[in-house]
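Numbering (full-length UniProt numbering), first residue to last: 1 to 503. Cβ atoms here follow ideal geometry from the backbone N, Cα and C, with glycine treated the same way. Please read the structure below before turning to the comments.
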């Protein structure tokens, strides 16, 4: 309603300026120029007023509005403004808040289990508990799944054994060979009486055929499209994407990580070739948190709230050998910037090393300063990044940050075996984050993301070892050679950098 009122007022303003502009300036051309100039000033003032908490984003939008007065304002309403976001997700946030008492009770009970963690790790846990409102599990076995082959094999095995429910949530789901294989198994399980809930992002999976989904619905699979509206591409909702990848089976097994569903994730794409990614299988208490995140998203889209003992397992006895596992959700339905602040604290509390793997590196000033400070302090800071892009604009924008990192002593490695899609942060070889969040502003501010925070368990050691093996297929960037790139390429990177808060 308010958006419609604003559009109406802008249209009225245009008419008034045009009508009186012809009389005042004498020609239609002069009146049009007056309108454009006025729109530019009004647009810039509007952006400064509405988006004054993120200076870099505000400056980027002012640049767009200055160059494209009318089109830029339309783009801002669709992709840039945060004002309407709160109204969209207020109900979801209120419902999510209802689990706070449950989470806080489990969280406080878990504080006594942190004695064998370092002071730095305890600081991270205190922050993550307060921001995420989710409990820390000390009884959750985890298994790292390296690349698509092991991931989909483990997923299909768990699905075949399902007896009560399969809950699945993905950003990208393709109707190709692996996507169809999983679809047929979901249909089979639904016909066997297993509850199947299937949710994909309306933007990420926009190419998924309606027939594909109708076949699932006909078999009894419950289907939801996250963020779907009748005119999806003409609303700002297109900018808030559900980037999560969650599977929960029979309340006891969960999957989380970087892999969507598609043949390219099995290295079957001629464009990308070998696809390097990291996923994880989880059991124990942490699965209940994954379940709650899924069900909150599901209720937001369907108003259905499954309840009962069949969806949540009883709390297990802590096992020191399993370390700590915490499932952390972040998204535009709150202003806590949960994952960004946890990443920042992990970096700033590191004692020896900070290792990052990400396909997109577009940090804000806080993360950039934290990494530079860590490197300048003598820590071993490494960034593992793909040598070839899947999207050129974010790739160029990422490269624009490299000189300042290289100057601080950060070692940057380009992965050359294929396309690197893993999303990892490893600190001191003892604490790690794995999940869906990239080290970029979209993951920090716009996307719905979910990550697992791991401490002092075998999976941290496995992720660290995988990172070291990946380095064997890289070339470390030479700061001198990187600084002597062609002027045209440096210009493209600088231009992309200006737009990076908008990507």
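Beta-carbon proximity list for residue i, same chain, < 8 Å, skipping 5 on both sides
| i | result |
| --- | --- |
| residue 209 | 175 |
| residue 155 | 182, 247 and 255 |
| residue 295 | 167, 305, 306 and 311 |
| residue 291 | 167, 248, 251, 254, 311 and 312 |
| residue 512 | Outside the displayed span of the chain (1 to 503) sits residue 512, for which this structure offers no information. |
| residue 344 | 366, 367 and 370 |
| residue 352 | 379, 380, 428 and 429 |
| residue 418 | 267, 272, 273, 274, 275 and 276 |
Residues near residue i in its chain [Cβ-Cβ closer than 7 Å; skip 5 each side]
| i | result |
| --- | --- |
| residue 455 | 117, 121, 323, 324, 430 and 431 |
| residue 195 | 164 and 165 |
| residue 109 | Low confidence applies to residue 109: its pLDDT is 49, below 50, so where it sits in the model is not reliable enough to give any reading. |
| residue 216 | 183, 186, 187, 198 and 223 |
| residue 484 | none |
| residue 376 | 408 and 409 |
| residue 173 | 179, 200, 205, 208, 260 and 261 |
| residue 101 | Confidence at residue 101 is low in this model, with a pLDDT of 49, below 50, so the placement of that residue should be treated as unreliable; the coordinate-derived value is given next. No residues qualify anywhere along the chain. |
| residue 141 | 283, 284 and 322 |
Cutoff 7 Å: residue i Cβ touching any chain C Cβ
| i | result |
| --- | --- |
| residue 281 | Among the chains of the structure shown, chain C does not appear; only one protein chain is present. |
Neighbourhood of residue i by C-beta distance below 6 Å, restricted to the same chain and skipping five residues each side
| i | result |
| --- | --- |
| residue 389 | 395 |
| residue 336 | 131 |
| residue 342 | 128 |
| residue 177 | 263 |
| residue 111 | Because residue 111 carries a pLDDT of 48, less than 50, the predicted location of this residue cannot be relied on, and no value is offered for it. |
| residue 393 | 496 |
| residue 301 | 224 and 226 |
| residue 329 | 293 and 450 |
| residue 504 | This structure does not reach residue 504, given that the chain is present from 1 up to 503, and the question cannot be answered. |
| residue 169 | 199, 244, 246 and 294 |
| residue 103 | Confidence at residue 103 is low in this model, with a pLDDT of 44, below 50, so the placement of that residue should be treated as unreliable; the coordinate-derived value is given next. Around residue 103: 133, 134 and 135. |
Bridge partners - residue i, DSSP secondary structure assignment
| i | result |
| --- | --- |
| residue 364 | The partner list for residue 364 (beta bridge, DSSP) is empty, contrary to what the question assumes. |
| residue 167 | 197 and 248 |
| residue 326 | 453 |
| residue 218 | Beta-bridge pairing links residue 218 to no other residue. |
| residue 128 | DSSP lists no partner for residue 128. |
| residue 513 | It is not possible to answer for residue 513, since the shown part of the chain is limited to 1 through 503. |
| residue 223 | 198 |
| residue 440 | 362 |
| residue 448 | 242 |
| residue 145 | 279 |
| residue 173 | 261 |
| residue 435 | 451 |
| residue 137 | 325 |
Minimum C-alpha distance to residue i - residue among the options
| i | options | result |
| --- | --- | --- |
| residue 191 | 170, 165 and 204 | 165 |
| residue 360 | 423, 123, 353 and 348 | 423 |
| residue 220 | 185, 331 and 407 | 185 |
| residue 386 | 252, 476, 406 and 377 | 476 |
| residue 226 | 409, 157 and 206 | 206 |
| residue 315 | 302, 330 and 283 | 283 |
| residue 308 | 251, 160 and 261 | 251 |
| residue 327 | 334, 317 and 338 | 338 |
| residue 119 | 400, 213 and 348 | 348 |
| residue 458 | 474, 384 and 320 | 320 |
| residue 496 | 467, 291, 401 and 406 | 401 |
| residue 491 | 417, 462 and 397 | 397 |
| residue 151 | 340, 245 and 298 | 245 |
| residue 391 | 384, 293 and 421 | 421 |
| residue 489 | 141, 399 and 442 | 399 |
| residue 366 | 384, 350, 340 and 442 | 340 |
| residue 239 | 214, 332 and 213 | 332 |
| residue 439 | 368, 478, 463 and 381 | 368 |
| residue 482 | 406, 445, 427 and 144 | 406 |
| residue 445 | 148, 242 and 473 | 242 |
| residue 461 | 474, 345, 271 and 425 | 425 |
| residue 382 | 354, 363, 404 and 362 | 354 |
| residue 144 | 472, 303, 419 and 467 | 467 |
| residue 464 | 142, 474 and 356 | 356 |
Problem set entry | Those runs of the alpha helix (DSSP H) which lie wholly inside the region 238-306 and span at least 4 residues | 286-302
For this session: Answer yes if the region 265-280 comes into contact with the region 126-135, meaning at least three C-beta pairs across the two stretches below 8 Å, and no otherwise.
Result: no
Exercise. So does the region 433-451 actually touch the region 256-270, counting three or more Cβ pairs closer than 8 Å?
Worked result: Yes, the region 433-451 is in contact with the region 256-270.
For this session: Spell out a yes or no on whether the region 371-381 and the region 447-467 are touching, meaning 3 or more CB-CB pairs, one atom from each, closer than 8 Å.
Result: no
Problem set entry | Uninterrupted alpha helix (DSSP H) stretches inside the region 345-433 (no shorter than 4 residues) | 365-376, 392-400 and 402-408
Exercise. Is the region 283-293 close to the region 136-143, with three or more CB pairs under 8 Å?
Worked result: yes
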